[in-house]
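Numbering (my numbering), first residue to last: 7 to 276.
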């Protein structure tokens, strides 16, 4: 399984279990913590294995490679501040052997998970895979920015998601310009000059059909609008709706450009 799948499953699981603890701060059945990785991994794999006629008598029957992504996902949530390792309040009583299996929701994490539970989850693992699938076409710079756009959306940092979606779109535009001119240095010099984006866009749509030209320019809206508004140093009201739209526009741009790559990169005759 992909790490993104484990991450989404953990977030959905944690968002659904509620935030009430008993007098000792424990949630029943979680080994004194809010999350016990072996139990969650088993709950994820049991349905599919049951359909195959298999039974899991214990977590040790699940292959290690099918469990590791859950530990990585839990650590990602720790880095965000949503979880912290260990029991709710071990007070020196936690068994060191089980330390890596137990995680507790932080005060910040409680609010973060409540917010997460109120929004519809995109299929982040599928979206990330689809966007990065165009890396061979648009380059490593595009792949890096597209991946960051998905990660920041997943983490609920909407402004960053808009900025990185626009940056990935910028990489798509530059990839076309480089392929069309056959001269990377020249294409970058044009783009980096005053009014370079408009000039680059104009050169890219030369000698293409009107329908392709119009659709491509419309698809670049993620670059011309969201990134411009998000990147300026003023307070912005960009939120989940705009971040979702930015990612959707980026995907449409990548798919359209890949489909009409030959037409868009056809050299202009002198």
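From the three backbone atoms N, C-alpha and C, an ideal C-beta is built for every residue, glycine too.
*What do you reckon, are the CB atoms on residue 184 and residue 190 nearer than 8 Å?*
To locate residue 184, count along the chain shown from 1; it is residue 178. To locate residue 190, count along the chain shown from 1; it is residue 184. Taking a C-beta distance under 8 Å as the contact criterion, residue 184 and residue 190 qualify as a contact pair.
*asked:* Which of the three DSSP states is assigned to residue 151 in this structure?
replied: Mapped onto the chain shown, residue 151 falls at position 145. Helix at residue 151.
*asked:* Within the continuous alpha helix (DSSP H) that includes residue 257, where are the two ends?
replied: Your numbering for residue 257 matches position 251 in the chain shown. For residue 257, the uninterrupted alpha helix (DSSP H) run begins and ends at 246–265, by DSSP.
*Per DSSP, the bridge partner or partners of residue 90*: The residue labelled residue 90 in the question sits at position 84 within the chain shown. The partner list for residue 90 (beta bridge, DSSP) reads 110.
*asked:* I'd like to know whether the C-beta atoms of residue 167 and residue 155 end up nearer to each other than 8 Å.
replied: As a first step, residue 167 is located in the chain shown; it is residue number 161 there, counting from the start. As a first step, residue 155 is located in the chain shown; it is residue number 149 there, counting from the start. A contact, by the Cβ cut-off of 8 Å.
*CB of residue 86 within 8 Å of CB of residue 161, strictly*: Along the chain shown, one-based indexing puts residue 86 at 80. Along the chain shown, one-based indexing puts residue 161 at 155. Inclusion of residue 86 and residue 161 in the CB contact set at 8 Å is warranted, their separation being smaller than that value.
*Using the DSSP secondary-structure output, state which residues sit across from residue 42 in a beta bridge.*
Here residue 42 refers to the residue found at position 36 when the chain shown is read from its first residue. 108.
*asked:* Quick check on the burial criterion: 16 or more other C-beta atoms within 10 angstroms. Buried or exposed for residue 80?
replied: Counted from its first residue, the chain shown places residue 80 at position 74. The residue is buried, with at least 16 neighbouring Cβ atoms inside 10 Å.
*Helix, strand or coil for residue 211 per DSSP?*
Stepping through the chain shown from its first residue, residue 211 is reached at position 205. In the structure shown, residue 211 sits in coil (DSSP, three-state: anything other than H, G, I, E or B).
*What is the DSSP secondary structure of residue 8, counted as helix, strand or coil?*
Against the chain shown, residue 8 aligns to sequence position 2. Three-state DSSP puts residue 8 in coil, outside helix and strand.
*Could you say which of 152, 108 and 82 lies nearest to residue 133 if we only look at CA atoms?*
By 1-based counting over the chain shown, the position of residue 133 is 127. The option with the nearest alpha carbon to residue 133 is 152.
_Assigned secondary structure, residue 188 (DSSP; H/G/I helix, E/B strand, else coil)_ = For this step, residue 188 is matched to residue 182 along the chain shown. The answer is coil: DSSP assigns residue 188 none of H, G, I, E or B.
*asked:* Using a Cβ-Cβ distance cut-off of 8 Å, determine whether residue 202 contacts chain C.
replied: Among the protein chains of the structure shown there is no chain C, as only one such chain exists.
*Under 8 Å between the Cβ atoms of residue 12 and residue 78?*
Counting from 1 along the chain shown, the entry for residue 12 is found at position 6. Counting from 1 along the chain shown, the entry for residue 78 is found at position 72. Using a Cβ distance threshold of 8 Å, residue 12 and residue 78 count as a contacting pair.
*asked:* Considering only their Cβ atoms, is the gap separating residue 269 from residue 214 smaller than 8 Å?
replied: By one-based count along the chain shown, residue 214 stands at place 208. By one-based count along the chain shown, residue 269 stands at place 263. Yes, the pair counts as a contact, with Cβ atoms nearer than the cut-off.
_CB-CB length for residue 89 against residue 115, believed under 8 Å_ = Locating residue 89 in the chain shown gives position 83, where the first residue counts as 1. Locating residue 115 in the chain shown gives position 109, where the first residue counts as 1. Right, their Cβ atoms sit about 6 Å apart.
_Endpoints, alpha helix (DSSP H) assigned at residue 219_ = For the purposes of this step, residue 219 is taken as residue 213 along the chain shown, with counting starting at 1. Boundaries of the alpha helix (DSSP H) harbouring residue 219: 216–225, taken from the DSSP string.
*State the DSSP-derived secondary structure class of residue 30, mapped to helix, strand or coil.*
The sequence position of residue 30 within the chain shown is 24, counting from 1. Because the pLDDT at residue 30 is just 48, under 50, the model does not fix this residue reliably, and the value given afterwards should be weighed accordingly. In the structure shown, residue 30 sits in coil (DSSP, three-state: anything other than H, G, I, E or B).
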